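Engineer: Before anything else, here's the structure in question.
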Amino acid sequence: MTSNDPKRDLLLPGCRIRLPFWTALLTLLQVGAAVYALQIPPELSAEVGLPAAFQFVIGALWAFLFAVITVLLIQGRRHARRYAVWAVLVFASYTVARWIFFTRADYDRQRLPVLIFGTFCVLIILVASYYDLKREQPQDTEKTADDSEP
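Here it is, written out as structure tokens:
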């Protein structure tokens with residue numbers, strides 16, 4: 037069942053929750069990560085792979101980025117879905133790199149392959165859904181008065 041509704045948003049297969057929900061959820065998770073970084077005791081901070089201040093700044097930046105993207109998606113701005121997909125791809129890449137380079141605990145090292153595999157599965161579904169949606173939408177090839185050359 038295909039639809040050519042231009043207002044249709046990116047949906048995950050078998051899921052009726054729209055992309056702004058997922059970017060808002062990532063916003064909240066990153067706010068939580070930033071708050072958590074502020075609560076790490078100083079004696080434990082030396083044992084964590086990344087300094088707490090760096091974790092706070094990165095968490096706050098990701099939260100801000102996902103909040104802006106969520107607002108753009110809700111407003112229906114042009115290219116907002118593309119920004120969302122790229123932001124999630126970069127965020128997932130950053131997360132995997134952080135896991136690989138800064139994981140110290142044996143338990144985390146043992147579950148690292150599963151975490152990376154799960155992340156890539158989510159990314160594949162996201163990218164496939166984006167391109168499936170893009171393929172369903174008709175290409176607008178007509179020129180309008182604003183597109184004419186001077």
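Numbering (the numbering used here), first residue to last: 37 to 186.
Here a beta-carbon is modelled for each residue, glycine too, at the ideal position from N, C-alpha and C.
It should be emphasised that the depicted structure is a prediction, and the values quoted were computed from it without experimental measurement.
1) Decide if the segment 58 to 76 is in contact with the segment 94 to 101; the criterion is three or more beta carbon pairs, one per stretch, under 8 Å apart.
2) Please list, in chain order, all residues of the same chain as leucine 162 whose beta carbon is under 7 Å from its beta carbon, the five residues on each side excluded.
3) Does arginine 140 come out as helix, strand or coil in the three-state DSSP assignment?
4) Quick one: give me the first and last residue of the alpha helix (DSSP H) that glutamine 91 is part of.
5) Taking C-alpha atoms, which residue in Thr139, Val132, Asp142, Phe137 lies nearest to phenylalanine 153?
Structural biologist: The answer reads as follows:
1) Contact between the segment 58 to 76 and the segment 94 to 101 is present, because at least three Cβ pairs lie under 8 Å.
2) Hits under 7 Å: Val121, Val124.
3) Of the three classes helix, strand and coil, the one that applies to arginine 140 here is coil, per DSSP.
4) Note, glutamine 91: alpha helix (DSSP H), 88 to 111.
5) Of Thr139, Val132, Asp142, Phe137, the residue nearest in Cα terms is Val132.
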